[in-house]
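Position one of the sequence shown corresponds to residue 0 (numbering that gives the first Met the number 0), numbered consecutively onward.
All C-beta atoms, glycine included, are put in the ideal place defined by N, C-alpha and C.
Note that this is a predicted model, so its numbers are computed, not measured.
Here the structure is laid out as structure tokens; the discussion comes afterwards.
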Amino acid sequence: MGSIIIGTAGHVDHGKTMLIKALTGKDTDRLEEEKKRGVSIDLGFASFSLPDGKKAGIIDVPGHEKFIHNMLAGAGGIDLIILVIDINEGIMPQTREHLSILELLGTQKGIIALTKVDAAEEEWCEIVEEEVRKELEETFLKDAPCVWVSSYTGRGLPELKEHIHRLNLEITSRDTLAPLRIPVDRCFVVAGFGTVITGTLLQGTVSVSDTVEVLPPGKAVRVRNVQVFGENVNQAEAGHRVALNLSGLEKETIERGSVVCAPGYFKLTFMLDATLQLLPRAPRSLKHMDPVHFYQGTNRVVARMALLDREELKPAEKAPVQVRTEKPLVAERSDRFIIRSYSPMTTIGGGLVLDPKPARRHRRYRQEIIDRLKKFEEEAVSGQAEGFLLQKLEQLEVPSLDDLEKETRMGRERIEELLSQLKREGKVVSLGDTLVPVKLLEKWEDKVEENIKKYHRENPLSPGLPRAEFKKYFPGGLSPKAFDAFWEYMREKEKVELFEDKVCVAGFRPQPSPGDREIIKKLENTMEASRFQPPAPAALGRELKVEPAYLEKLLDYLVYQGNLVKIADNYYLLSTHYREAVEELNKHFQQNDKLTLAEFRDRLGTSRKYVQPLLEYFDREKITRRVGDYRILLK
Ligand SMILES: Nc1nc2c(ncn2[C@@H]2O[C@H](COP(=O)(O)OP(=O)(O)O)[C@@H](O)[C@H]2O)c(=O)[nH]1
Ligand SMILES: [Mg+2]
Numbered sequence: 000m001g002s003i004i005i006g007t008a009g010h011v012d013h014g015k016t017m018l019i020k021a022l023t024g025k026d027t028d029r030l031e032e033e034k035k036r037g038v039s040i041d042l043g044f045a046s047f048s049l050p051d052g053k054k055a056g057i058i059d060v061p062g063h064e065k066f067i068h069n070m071l072a073g074a075g076g077i078d079l080i081i082l083v084i085d086i087n088e089g090i091m092p093q094t095r096e097h098l099s100i101l102e103l104l105g106t107q108k109g110i111i112a113l114t115k116v117d118a119a120e121e122e123w124c125e126i127v128e129e130e131v132r133k134e135l136e137e138t139f140l141k142d143a144p145c146v147w148v149s150s151y152t153g154r155g156l157p158e159l160k161e162h163i164h165r166l167n168l169e170i171t172s173r174d175t176l177a178p179l180r181i182p183v184d185r186c187f188v189v190a191g192f193g194t195v196i197t198g199t200l201l202q203g204t205v206s207v208s209d210t211v212e213v214l215p216p217g218k219a220v221r222v223r224n225v226q227v228f229g230e231n232v233n234q235a236e237a238g239h240r241v242a243l244n245l246s247g248l249e250k251e252t253i254e255r256g257s258v259v260c261a262p263g264y265f266k267l268t269f270m271l272d273a274t275l276q277l278l279p280r281a282p283r284s285l286k287h288m289d290p291v292h293f294y295q296g297t298n299r300v301v302a303r304m305a306l307l308d309r310e311e312l313k314p315a316e317k318a319p320v321q322v323r324t325e326k327p328l329v330a331e332r333s334d335r336f337i338i339r340s341y342s343p344m345t346t347i348g349g350g351l352v353l354d355p356k357p358a359r360r361h362r363r364y365r366q367e368i369i370d371r372l373k374k375f376e377e378e379a380v381s382g383q384a385e386g387f388l389l390q391k392l393e394q395l396e397v398p399s400l401d402d403l404e405k406e407t408r409m410g411r412e413r414i415e416e417l418l419s420q421l422k423r424e425g426k427v428v429s430l431g432d433t434l435v436p437v438k439l440l441e442k443w444e445d446k447v448e449e450n451i452k453k454y455h456r457e458n459p460l461s462p463g464l465p466r467a468e469f470k471k472y473f474p475g476g477l478s479p480k481a482f483d484a485f486w487e488y489m490r491e492k493e494k495v496e497l498f499e500d501k502v503c504v505a506g507f508r509p510q511p512s513p514g515d516r517e518i519i520k521k522l523e524n525t526m527e528a529s530r531f532q533p534p535a536p537a538a539l540g541r542e543l544k545v546e547p548a549y550l551e552k553l554l555d556y557l558v559y560q561g562n563l564v565k566i567a568d569n570y571y572l573l574s575t576h577y578r579e580a581v582e583e584l585n586k587h588f589q590q591n592d593k594l595t596l597a598e599f600r601d602r603l604g605t606s607r608k609y610v611q612p613l614l615e616y617f618d619r620e621k622i623t624r625r626v627g628d629y630r631i632l633l634k
């Protein structure tokens, strides 16, 4: 059964608590006393049934501070607001402050309740209603129903319930599939029961025996008992006011502002990217890095506002900011927040979270960052998420779908949908089994090209670099398939050429210098003379008077050019000699079925030392196959 959560707002003594009592029969002020004695589980909270049997929960506002908390904890949870105005007093300062907070929080639906009408003349009531209407003309309440009520006589109460019922039908239900999140508004110990937390279940569901994570401190605990509207249930879902009994959680480790959530999905952060709006009636501008009281979820922390595109934010202005908090907290994309000036404490503005966990401290006046946040804001308002997902893809560097789901909490289906959209738009490309943002791919391309070129400059004789050398330029989680696909992509773009395991810049050919050529000539002469007993590189180096490292490069080059064949480590043959050996092999097999090592040794006029590796080379090349002490011809 669905339910609706209602918040109240309005100046002190305007009759909020009385109205709730009249609607529900529950005295939420008495509950305040109970809190002191620690007997009531859900403070300031009462419920009643709507005409269709649906439950309506209503949250009272015991103090001004708490008003902000209640509204914020309900940013996705409070469906409807009742603005309470005493008919005898009309709109007062706190009414206005509540209103501007509600506006900052993007509250959509409300009802105006003019209270204490038993103590006023009808005519007066009409005058006040007109005045109130005029003052609310520019707010979200401009078309809201207005009800005259008296908690004493009961006048207007059925009408008020009827309006609640009607508006409730227009409210879209909250996301029960999203990962669980409950900002904790109270935490206490019930004797013989253990630690209990209360809060509004913003998204997802929670059941008895679930394991949930509490952040801070960041601890996994088991749910022992779930209460909704004061009754034990097996499962609670988005939109419910819940009390959870958690096992294995010390009361001291949890506080208001902690979040109970699905394990592994949320992370603590000291930074948030956001858009910040200053109220038109804010007493002064906000300067870069000014400290403020920052309210989000059930948190209140001191935070500094890094203004990303200006030095100061003037009243009524809006700007992209990076919020830097003094204490870690958990936030979600599209969360609303409120800021109050450090001292004196008055509400001066609020905004919308655009990235709940930015990867880094942003540098200011960066057009790219400013544009990105602009795009995120549009997305947050319109319910889109493409740009956000793309940025997370770039930030996380080839995450798995699981990682993405945990990072964005958008759900697999939604993510897959967005990814194919991004692919169609050419912002993301497939590399094997991995989707890579074009921006990241370009980064890899540049890095790889730059490094191959550098290698060519330093190794003009070398035909290229082993591909495996480049693994370090890619994220560790990159799959082998994606890695191979990257090289295929580079080859198709004609940026590189691939041969065996090596890679070079397209069109690159090793260029020996005149000096190199001279040594190559000497080397080939020596090798020519020694035929099937070629000198090992060490001996060759001594003879040619060159460094081993340099000689190795020359040898690699000659193998690549096809002048030498590398038979084994430290064993090279001139290609002409190698072909001669193959010919001798073929000649032997024209008359014989088998070949022994000794036979081949005699044919080549060399020693066993040289023949054995050569025959093994033939085996590897699938020219021959070893059978016992013999070899047979395969080709
Ligand atoms: N005449 C009249 N007085 C009311 C009514 N509702 C509340 N009051 C008075 O207003 C005072 C403040 O009401 P309360 O509900 O505590 O206001 P809150 O601070 O907004 O919660 C009460 O003590 C009552 O004396 C009403 O319907 N009629
Ligand atoms: Mg009250």
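Query: Separation of Phe498 from Asn298, as counted between CA atoms; Result: 59 Å
Query: Pairwise C-alpha distance: Asn167 and Thr407; Result: 29 Å
Query: Ligand 2 heavy atom lying under 7 Å from the CB of Asp28; Result: yes
Query: Distance between Ala358 and Val60 (C-alpha atoms, nearest Å); Result: 37 Å
Query: Counterpart residues of Arg624 in DSSP-defined beta bridges; Result: Ile631
Query: Pick from His361, Leu179, Ala112 and Val329 that is closest to Glu88, judged by C-alpha positions; Result: Ala112
Query: Exposed unless 16 or more other CB atoms sit within 10 angstroms - verdict on Met0; Result: With a pLDDT of 45 at Met0, under the threshold of 50, the predicted position of this residue should be treated as unreliable, though the coordinate-derived value follows. Under this definition Met0 is an exposed residue.
Query: Spatial neighbours of Leu539 in its chain, beta-carbon cut-off 7 Å, leaving aside the 5 residues before and after; Result: Leu522, Thr525 and Leu550
Query: Opposing strand residues paired with Ala21 [DSSP bridges]; Result: DSSP lists no partner for Ala21.
Query: Reference Ile163, options Gln202, Ala8 and Ser48, closest by Cα; Result: Ser48
Query: Coil, strand or helix - Gln383 by DSSP; Result: coil
Query: 4-residue-minimum alpha helix (DSSP H) runs that sit fully inside the segment 74–156, ordered along the chain; Result: 92–103 and 121–134
Query: Beta-carbon spacing of Cys637, Arg154 below 8 Å; Result: Coverage of the chain is limited to positions 0 through 634, which leaves residue 637 absent and any answer about it impossible.
Query: Residues that Phe337 bridges to, as DSSP identifies them; Result: Sequence check: residue 337 is Ile here, not Phe. Answer is Tyr294 and Gly349, bridged to Ile337.
Query: Euclidean distance between Cα positions of Asn450 and Gly463; Result: 11 Å
Query: Span separating the alpha-carbon of Val205 from that of Val241; Result: 10 Å
Query: Per DSSP, the bridge partner or partners of Tyr364; Result: Looking at the DSSP assignment, Tyr364 forms no beta bridge with any residue, so it has no partner.
Query: Own chain, CB closer than 8 Å to Ile19, minus 5 neighbours either side, in chain order; Result: Thr7, Lys25, Thr27, Ala45, Ile57 and Asp59
Query: Per DSSP, cross-strand counterpart(s) of Ile196; Result: Cys186 and Leu243
Query: Strand pairing of Asn231, partner residues [DSSP]; Result: Gln226
Query: Asp59 beta carbon near ligand 2 (any heavy atom closer than 7 Å); Result: yes
Query: Collapsed DSSP secondary structure at Leu440 in the structure displayed; Result: helix
Query: Minimum length 4: unbroken alpha helix (DSSP H) runs contained in the segment 397–436; Result: 400–407 and 411–423
Query: 8 Å contact criterion, which Leu278 and Pro319 should meet: CB distance rounded; Result: Contact flag wrong, Cβ pair sits at about 18 Å.
Query: Cβ shell of Glu310 (< 8 Å), same chain only, five flanking positions each side left out; Result: Lys286 and His287
Query: Inter-residue spacing [alpha-carbon to alpha-carbon] between Val83 and Ser208; Result: 40 Å
Query: Span of the beta strand (DSSP E), counted from its first residue to its last, around Tyr559; Result: Note, Tyr559: premise wrong, no beta strand (DSSP E); alpha helix (DSSP H) at Pro547 to Gln560.
Query: Within 8 Å, strictly: CB atoms of Ala535 and Asn562; Result: no
Query: Length of the line joining the Cα atoms of Lys317 and Asp142; Result: 26 Å
Query: Reduced DSSP secondary structure (H/G/I, E/B, other) of Ser478; Result: coil
Query: Those runs of the alpha helix (DSSP H) which lie wholly inside the segment 571–623 and span at least 4 residues; Result: 574–590, 596–603 and 607–619
Query: Through-space distance from Ser606 to Arg635, alpha-carbon basis; Result: The question about residue 635 has no answer here: the residues shown for the chain are numbered 0 through 634.
Query: Residues of its chain near Ser399, where Cβ-Cβ distance is below 8 Å and the 5 sequence neighbours each way are ignored; Result: Gly476
Query: Three-state secondary structure (DSSP) of Pro513; Result: helix
Query: Per DSSP, cross-strand counterpart(s) of Met270; Result: Arg323
Query: Cβ-based burial, Tyr294 [other Cβ within 10 Å; buried from 16]; Result: buried
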